[in-house]
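Q: In my numbering, the protein residues as written are 2 to 267.
All C-beta atoms, glycine included, are put in the ideal place defined by N, C-alpha and C.
None of the values given here were measured: they were computed from a predicted structure.
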Ligand SMILES: NC(=O)c1ccc[n+]([C@@H]2O[C@H](COP(=O)([O-])OP(=O)(O)OC[C@H]3O[C@@H](n4cnc5c(N)ncnc54)[C@H](OP(=O)(O)O)[C@@H]3O)[C@@H](O)[C@H]2O)c1
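1) I want to check one thing, is the minimum distance from the CB of residue 77 to the heavy atoms of ligand 1 below 7 Å?
2) Taking 7 Å as the limit between beta carbons, can you name the residues of its chain near residue 49, skipping five residues before and five after?
3) Taking 8 Å as the cut-off, decide whether the C-beta atoms of residue 99 and residue 74 are in contact.
4) With residue 7 as the anchor, note down where its beta strand (DSSP E) starts and where it stops.
5) Can residue 341 and residue 63 be called in contact, C-beta distance under 8 Å?
6) Are the beta-carbon atoms of residue 153 and residue 128 separated by less than 8 Å?
7) Are at least three pairs of beta-carbons, each pair with one atom in the region 198-206 and one in the region 176-185, less than 8 Å apart?
8) Would you check if there are 3 or more beta carbon pairs closer than 8 Å linking the region 154-165 to the region 247-254?
9) Using 8 Å as the cut-off, can you tell me whether the region 78-97 makes contact with the region 54-61, which would need three or more C-beta pairs spanning the two stretches below that distance?
10) So what does DSSP say about residue 142, is it helix, strand or coil?
11) Cβ atoms of residue 53 and residue 34: under 8 Å apart, would you say?
12) Within its chain, find whatever has a CB closer than 7 Å to the CB of residue 167; leave out the 5 residues flanking it on each side and keep chain order.
13) Just the Cα atoms here: how many angstroms apart are residue 241 and residue 212?
14) Is the distance from the Cβ of residue 257 to the Cβ of residue 169 below 8 Å?
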């Protein structure tokens, strides 16, 4: 089963690496990528078929993963449409904010799945939400899910508008956790800890907590497990609550979701 990628950047590399780890044959994966240095790196790192000609990349593919920047999508698809064989391959777009109806308009007749992965996909620990337009059949959904699952966990949403919330939550989410870790380290430095020690402990705490959260998604229970009554954690959590931490986070999330919707409209 042949898969093609248009765009051979960071996200494409994350997915290619995952698919190969799961046993895909390099000869079944092809990439259309304009930059010679990027093509060389793809060839060297993955031994997949690489070309600067997108039409050649999609030949014989059952699905095409669109992994270019959102602003490049219209031009890429309009140029690609005449080269697509019938029946058209499934299009799986990972471009942030680009709507399925626009993709289907730029590539007439195509069935489209939109996926919103996140940066931890680069280490195989991505969180991806998927949305399928109405004309995608069960086989198409399963294929798209299989591709994205190569870079982490996947979940389906029923409405395309939910992807704006997903973008705010898991898409931008790594930055929120990193900001918290960064400020925890800064706070510890201000209290007198060596900077390198503070940063190492903050980063490792983020990593380990992520592993715990993944093994049991009951986040409140996980938090309760480290919070004894009258203890140190309880003192910090009370300070957070007194300053409306929940409200602060909810407002930030809404700002990101609103911005995602706005970018999609443009
Ligand atoms: N990185 C993330 O955390 C993340 C998360 C969620 C979604 N996404 C989405 O994933 C997509 C890819 O992101 P990325 O981080 O992988 O970006 P990236 O590293 O910049 O990759 C995009 C690749 O597409 C290539 N390209 C440009 N024009 C092309 C064309 N006409 N035909 C074929 N390839 C072309 C670029 O080549 P040049 O370098 O020569 O321009 C580049 O190698 C974006 O749409 C982004 O919104 C990314």
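A: This is what the structure holds:
1) yes
2) 17, 27, 30, 31, 32 and 43
3) yes
4) 4-7
5) As displayed, the chain neither begins before 2 nor continues past 267, which places residue 341 out of reach and without an answer.
6) yes
7) yes
8) Contact between the region 154-165 and the region 247-254 is absent, because fewer than three Cβ pairs lie under 8 Å.
9) yes
10) helix
11) yes
12) 117, 130 and 158
13) 24 Å
14) yes
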